[in-house]
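Colleague: Please see the structure below; I have some questions.
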Amino acid sequence: MSFDYLIIGGGSAGCVMAERLSRNPNNKVCLLEAGPDDNSLLVRIPAGIIALMRSNKRNWRYYTAPQTELHNRELYIPRGKTLGGSSAVNAMIYTRGHPWDYDHWESLGNAGWGWNDVLPIFKRSQNQERGASEFHGVGGPLNVADLRYHHPVSNAFIKACAEAGLPLTDDFNNATQEGVGFYQVTQKDGERWGVARGYLHPAMERSNLTVITAARVSRLILDGKRVIGAEYTRKGRAERVEAGETVLCGGAINSPQVLLLSGIGPREELARHDITVQHELPGVGENLQDHPDVLLVQRSLIKDALSLSPFALPKHIKALWQFVRHRNGPLTSNVAESGGFIKSRAEEPIPDLQLHLTAAMLDNHGLNWLFAMGWGYSAHVCILRPKSRGRITLNSANPSDNAVIDPRFLTHPDDMEAMVRGAKIIRDVLRQEALKPWCGDEVFPGKAVQSDDDYRDFLRRKCDNIYHPVGTCKMGIDDMAVVAPDSLRVHGLEGIRVVDASIMPTLIGGNTNAPTVMIAEKAADLMGV
Ligand SMILES: Cc1cc2nc3c(=O)[nH]c(=O)nc-3n(C[C@H](O)[C@H](O)[C@H](O)COP(=O)(O)OP(=O)(O)OC[C@H]3O[C@@H](n4cnc5c(N)ncnc54)[C@H](O)[C@@H]3O)c2cc1C
6 MSFDYLIIGG GSAGCVMAER LSRNPNNKVC LLEAGPDDNS LLVRIPAGII ALMRSNKRNW
66 RYYTAPQTEL HNRELYIPRG KTLGGSSAVN AMIYTRGHPW DYDHWESLGN AGWGWNDVLP
126 IFKRSQNQER GASEFHGVGG PLNVADLRYH HPVSNAFIKA CAEAGLPLTD DFNNATQEGV
186 GFYQVTQKDG ERWGVARGYL HPAMERSNLT VITAARVSRL ILDGKRVIGA EYTRKGRAER
246 VEAGETVLCG GAINSPQVLL LSGIGPREEL ARHDITVQHE LPGVGENLQD HPDVLLVQRS
306 LIKDALSLSP FALPKHIKAL WQFVRHRNGP LTSNVAESGG FIKSRAEEPI PDLQLHLTAA
366 MLDNHGLNWL FAMGWGYSAH VCILRPKSRG RITLNSANPS DNAVIDPRFL THPDDMEAMV
426 RGAKIIRDVL RQEALKPWCG DEVFPGKAVQ SDDDYRDFLR RKCDNIYHPV GTCKMGIDDM
486 AVVAPDSLRV HGLEGIRVVD ASIMPTLIGG NTNAPTVMIA EKAADLMGV
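Set out below in structure tokens:
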């Protein structure tokens, strides 16, 4: 098979690329996705995230390497494995980060990626249901809506934040970002509106776009320094596809893995696995950044939480009816309805913490079933610009082995101290008057945690991640950069670009789906399509 363009990975970025590249009927475009299609009720129903978190079918279900600062725990890393990628399994929160993040990218040598350059792209890629404004656009493919359902404890959490002296806001995507409130979500008419729904599904009507699912790319095919296609396996058979240009959209974990398997990366890492060096590029897999996150959990006196208890069954049946009949009620919840961006101390120039409140008892990403059968609520706090840096390496040269994911969480001491400040702030919020009707026993951090050392110990035991790995094929002009800012072409190679969350030079201060869509839209602009 031969195409003009080959897209590897049908996730957030891959869906945008497929739509943009196939707009011109003269372009023959092929999209290879490792997972199945996204035709699933669990994907459509927003609260389906609870089941997708455990899915073997549409979730890669990765684990990190042992984290040295976290008692060598191996942390769960869910990633979407279906059309739409992680946008098909995510919490649908629509945030972009702070304008500073993009001006910072530009200051690192990435001309054209400053806030004033990217704001128009964010605006044109969205359909803001509240209407157009200085910061929002209408008519774009990504539908951005207010939640149709708010759990009472999410409301009380916002009030408690105000009582604790935190600012409130009704828009996290303005110039300041600061404040607590309800998140807006990528939903439409009460259903998840992932990037596949917004971009890919309409484009799949086009005869010049071929989408092949269950096709896992094992390596790129090179002719000298030019990439001419890729090999993939489907139903146990090895296949190949050739293309004039290949766009790698495998996400921050799989894109570097595919490059490494193809002999593109740091010499020593390739040598360790007897992979012939096709192109030495020391930055591939380096610079991994993710948001470390911890949960503070309260038991609830009122039994109204999202519980997996059998006693909650009648409520769940009613919720299903509300969803089926009216597309509203608890099943339209994104399960992290309220939260926001705050400063961990007065001298921070911009918010350095993000909060998410879940009206459920959560431990280990909800994978702890027994715990989730309790009645309670959980407040996440994460630091937005961690200084720790990790890496993606190979387990082996076998393409069906998972990569080694080592975010090295909290290895930078400043990250630990910011997490301690964050945990203290949230604990204070959870004790405020507005939450008193719910406030039962504290589960985490627990009564014994009082001193700063206790908090550090708590974080070593419980700190985890909140699903935003980026940076492993970073954009830039320095020695460790993998792609060039003016084209997203891989340095030193022809016929190959990387377009996904892995190109972020630094992690933005917010959830990463909308920024990934922006990256892909901008990539298409740079390609002139
Ligand atoms: C549980 C969860 C909750 C999240 N919540 C939010 C949120 O509320 N808001 C937000 O903004 N962000 C959220 N995120 C993050 C956001 O969804 C991601 O940052 C974004 O989707 C990343 O897009 P991507 O294109 O880089 O990668 P992905 O969307 O992960 O896409 C990569 C695609 O490539 C495919 N692939 C990988 N390797 C291969 C291969 N070898 N061959 C073929 N195909 C391959 C994968 O199956 C996948 O479909 C969440 C993520 C998760 C996992």
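Residue numbering for the sequence shown follows this note's numbering, beginning at 6 and increasing consecutively.
Glycine included, C-beta positions come from ideal geometry on N, C-alpha and C.
For ligand 1, any of its heavy atoms closer than 7 Å to the Cβ of Val263?
Modeller: The answer is yes for Val263.
Colleague: Start and end of the beta strand (DSSP E) containing Gly234?
Modeller: Per DSSP, Gly234 belongs to the beta strand (DSSP E) from Arg231 to Arg239.
Colleague: CB Val232 to CB Gly427, shorter than 8 Å?
Modeller: Taking 8 Å as the Cβ cut-off, Val232 and Gly427 do not qualify as a contacting pair.
Colleague: Per DSSP, what are the beta-bridge partners of Val222 in this structure?
Modeller: Paired residue(s): Tyr237.
Colleague: Near Arg272, which residues of its chain fall below 7 Å by C-beta distance, leaving aside the five closest residues on each side in sequence?
Modeller: Excluding positions up to five away in sequence, the list reads Val282 and Glu285.
Colleague: At what residues does the alpha helix (DSSP H) containing Arg245 begin and finish?
Modeller: Element bounds for Arg245: not the alpha helix (DSSP H) but the beta strand (DSSP E), Arg242 to Leu253.
Colleague: Would you mind working out which of Leu266, Arg202, Tyr204 and Thr191 sits nearest Arg224, comparing C-alpha positions?
Modeller: The shortest Cα separation from Arg224 among Leu266, Arg202, Tyr204 and Thr191 belongs to Leu266.
Colleague: Of all the alpha helix (DSSP H) runs that stay within the bounds of the segment 438 to 475, which reach a length of 4 or more residues?
Modeller: 457 to 467, all fully within the segment 438 to 475.
Colleague: According to the Cβ coordinates, are Gly470 and Asp357 closer than 8 Å?
Modeller: Looking at the sequence shown, residue 470 is not Gly but Asn. Contact flag unset, no.
Colleague: Quick one, are the C-beta atoms of Leu362 and Leu300 less than 8 Å apart?
Modeller: For Leu362 and Leu300, no; Cβs fall outside 8 Å.
Colleague: If you draw a straight line from the alpha carbon of Ala167 to that of His103, how long is it in whole angstroms?
Modeller: Spanning the two alpha carbons is a distance of roughly 22 Å.
Colleague: Okay, do the segment 78 to 93 and the segment 229 to 248 touch, 3+ Cβ pairs below 8 Å being the bar?
Modeller: The segment 78 to 93, when compared against the segment 229 to 248, does not touch it at the 8 Å Cβ threshold.
Colleague: Taking the alpha carbon of Gln192 as the reference point, which residue from Leu360, Arg239, His109 and Ile98 has its own alpha carbon closest?
Modeller: With distances taken between Cα atoms, Gln192 lies closest to Ile98.
Colleague: Taking all protein chains shown into account, decide if His109 is buried (16 or more other Cβ within 10 angstroms of its Cβ) or exposed.
Modeller: So His109 ends up on the buried side.
Colleague: For Gln133, collect the residues of the same chain with a Cβ closer than 7 Å to its Cβ; drop the 5 residues on either side in sequence, then sort them by chain order.
Modeller: For Gln133, where only same-chain residues beyond five positions count, the Cβ hits under 7 Å are His141, Gly142, Val143 and Val149.
Colleague: Once DSSP output is grouped into helix, strand and coil, what is the label at Ala1?
Modeller: There is no way to answer for residue 1, as the model of the chain reaches only from 6 to 534.
Colleague: Of all Cβ atoms in chain C, is any one closer than 8 Å to the Cβ of Arg231?
Modeller: You won't find chain C in this structure, because it holds only one protein chain.
Colleague: From the DSSP secondary-structure annotation, give me the bridge partner or partners of Phe1.
Modeller: There is no way to answer for residue 1, as the model of the chain reaches only from 6 to 534.
Colleague: Put Ile347 into one of helix, strand or coil per three-state DSSP.
Modeller: It is a strand residue.
Colleague: Please report the distance separating the alpha-carbon of Ile397 from that of Leu264.
Modeller: In a straight line, the C-alpha of Ile397 is about 11 Å away from that of Leu264.
Colleague: In angstroms, rounded to a whole number, what distance separates the CA positions of Ala574 and Asp491?
Modeller: No answer is possible for residue 574: the residues shown for the chain start at 6 and end at 534.
Colleague: Locate the alpha helix (DSSP H) running through Leu88, then write down its first and last residues.
Modeller: Taken as a continuous stretch (DSSP letters only), Leu88 belongs to no alpha helix (DSSP H), as it is neither H nor E.
Colleague: With C-beta atoms as the reference, is Ser27 less than 8 Å away from Leu214?
Modeller: Closer than 8 Å, so yes.
Colleague: Can you tell me which of Tyr188, Phe8 and Phe449 puts its alpha carbon nearest to the alpha carbon of Asn369?
Modeller: Answer by Cα proximity: Phe449.
Colleague: Give the straight-line distance between the Cα atoms of Ser338 and Gly195, rounded to the nearest whole angstrom.
Modeller: Straight-line Cα distance between these residues: approximately 9 Å.
Colleague: With hydrogens ignored, establish whether the beta-carbon of Tyr472 is closer than 7 Å to any heavy atom of ligand 1.
Modeller: Indeed, a heavy atom of ligand 1 lies less than 7 Å from the Cβ.
Colleague: Can Ile55 and Leu36 be called in contact, C-beta distance under 8 Å?
Modeller: Not a contact, by the Cβ cut-off of 8 Å.
Colleague: For the beta strand (DSSP E) containing Phe187, list its first residue and its last residue.
Modeller: Note, Phe187: beta strand (DSSP E), Gly184 to Phe187.
Colleague: Taking 8 Å as the threshold, find out whether the segment 172 to 186 comes into contact with the segment 196 to 206 through three or more Cβ pairs.
Modeller: Output reads no: the segment 196 to 206 does not touch the segment 172 to 186.
Colleague: Note down, in chain order, each residue of its chain lying with its Cβ closer than 8 Å to the Cβ of Asn64, except the 5 sequence neighbours on either side.
Modeller: Within the same chain, Asn64 has close Cβ partners Leu57, Met58, Pro83, Arg84, Gly85, Lys86 and Val94.
Colleague: Could you give the distance in angstroms between the alpha-carbon of Gln72 and the alpha-carbon of Glu244?
Modeller: About 37 Å.
Colleague: Out of Gly136, Phe8 and Arg394, which has the shortest C-alpha to C-alpha gap to Thr292?
Modeller: Contrary to the premise, residue 292 reads as Asn rather than Thr in this sequence. Closest option to Asn292, Cα to Cα, is Arg394.
Colleague: In terms of residue numbering, what span does the beta strand (DSSP E) encompassing Tyr382 cover?
Modeller: Note, Tyr382: beta strand (DSSP E), Gly381 to Ile388.
Colleague: Between Pro83 and ligand 1, is there a pair consisting of the residue's CB and a ligand heavy atom that are separated by less than 7 Å?
Modeller: For ligand 1, at least one heavy atom lies less than 7 Å from the Cβ of Pro83.
Colleague: Using a Cβ-based criterion (distance less than 7 Å to any ligand heavy atom), does Asp406 qualify as near ligand 1?
Modeller: Asp406: no, Cβ never under 7 Å from ligand 1.
Colleague: For Pro510, I'd like the list of residues in its chain whose CB is within less than 6 Å of its CB, leaving aside the five on either flank, ordered along the chain.
Modeller: Closer than 6 Å at the Cβ level, and outside the excluded window around Pro510, lie Trp110, Leu113, Lys479, Met480 and Gly481.
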